[in-house]
Amino acid sequence: QKEVEQDPGPLSVPEGAIVSLNCTYSNSAFQYFMWYRQYSRKGPELLMYTYSSGNKEDGRFTAQVDKSSKYISLFIRDSQPSDSATYLCAVPNQAGTALIFGKGTTLSVSS
Amino acid sequence: DTGVSQNPRHKITKRGQNVTFRCDPISEHNRLYWYRQTLGQGPEFLTYFQNEAQLEKSRLLSDRFSAERPKGSFSTLEIQRTEQGDSAMYLCASGPASRETQYFGPGTRLLVL
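One line per chain: the protein sequences are A and B, in this order. Oh and the first sequence: position 73 is 73 in our numbering, straight run, nothing missing. Numbers in our numbering are just positions in the second sequence, counted from 1, shifted up by 111.
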């Protein structure tokens, strides 16, 4: 089992839709969880960073962590065409020396 | 722009040639990372520096790869005797000492013919 699993999609939604992106992880020792957004041919951009279980909100984005089921989610409200990108979930390894990434979910928002 | 910068942005080389990439991290960050990303995959960790010390290397980092960070500032990643399988996006990231967050540069896209 891979340490971080993410459905690659692609996911296509109309503008204004609520988007749910999800990852599962295998190691219950992971404590920090991150979401990155990557536009085509660009480097990943840090979007959200959470430490504990529960929700963290930043504008139209909400990150949710459920440590009991080892499940992390990113919700995007009122999705815009500019949200079209690949979304990567990531966790730091236990030593804190590297990030372990999922494969990324490609999202397309049509106007 | 005070973000992470990488040069060159694109590199095309022939198999067997050596290539070198440069990364300039965010100035106050003492942690620096190199990753490799292939199409349809998330970034995969290659190596980690804290200041000038290389503290961790992935099994992906074969002996043809070498990374340096002299004086704890910029870093270089060299690939010797390139192979077609080395074709990928090479990403550099930096982070502050106190947090696990990492900030990525735009990447160097390598194509080995």
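Glycine residues also receive a C-beta, built at the ideal position from the N, C-alpha and C atoms.
By alpha-carbon positions, which one of the options ends up nearest to residue i?
{"i": "residue 25 (chain A)", "options": "A:68, A:86, A:14 and A:49", "result": "A:68"}
{"i": "residue 197 (chain B)", "options": "B:188, B:204 and B:162", "result": "B:188"}
{"i": "residue 3 (chain A)", "options": "A:49, A:89 and A:105", "result": "A:89"}
{"i": "residue 31 (chain A)", "options": "A:103, A:95 and A:102", "result": "A:95"}
{"i": "residue 170 (chain B)", "options": "B:158, B:119 and B:194", "result": "B:158"}
{"i": "residue 127 (chain A)", "options": "A:93, A:33, A:82 and A:38", "result": "With chain A running from 1 to 111 in the structure shown, residue 127 (chain A) is simply not present."}
Do you know offhand how far residue i's Cα is from residue j's?
{"i": "residue 151 (chain B)", "j": "residue 14 (chain A)", "result": "23 angstroms"}
{"i": "residue 122 (chain B)", "j": "residue 136 (chain B)", "result": "20 angstroms"}
{"i": "residue 156 (chain B)", "j": "residue 177 (chain B)", "result": "14 angstroms"}
{"i": "residue 190 (chain B)", "j": "residue 167 (chain B)", "result": "18 angstroms"}
{"i": "residue 91 (chain A)", "j": "residue 100 (chain A)", "result": "5 angstroms"}
{"i": "residue 200 (chain B)", "j": "residue 132 (chain B)", "result": "11 angstroms"}
{"i": "residue 183 (chain B)", "j": "residue 12 (chain A)", "result": "43 angstroms"}
{"i": "residue 219 (chain B)", "j": "residue 58 (chain A)", "result": "30 angstroms"}
Assign residue i to one of two classes, buried (16 or more other C-beta atoms within 10 Å of its C-beta) or exposed (fewer than that).
{"i": "residue 72 (chain A)", "result": "buried"}
{"i": "residue 36 (chain A)", "result": "buried"}
{"i": "residue 51 (chain A)", "result": "exposed"}
{"i": "residue 213 (chain B)", "result": "buried"}
{"i": "residue 144 (chain B)", "result": "buried"}
{"i": "residue 29 (chain A)", "result": "exposed"}
{"i": "residue 174 (chain B)", "result": "exposed"}
How is the beta strand (DSSP E) around residue i delimited, first residue to last?
{"i": "residue 6 (chain A)", "result": "4 to 6"}
{"i": "residue 87 (chain A)", "result": "85 to 92"}
Under 8 angstroms, do residue i and residue j count as touching if we go by C-beta distance?
{"i": "residue 146 (chain B)", "j": "residue 224 (chain B)", "result": "no"}
{"i": "residue 16 (chain A)", "j": "residue 215 (chain B)", "result": "no"}
{"i": "residue 105 (chain A)", "j": "residue 8 (chain A)", "result": "yes"}
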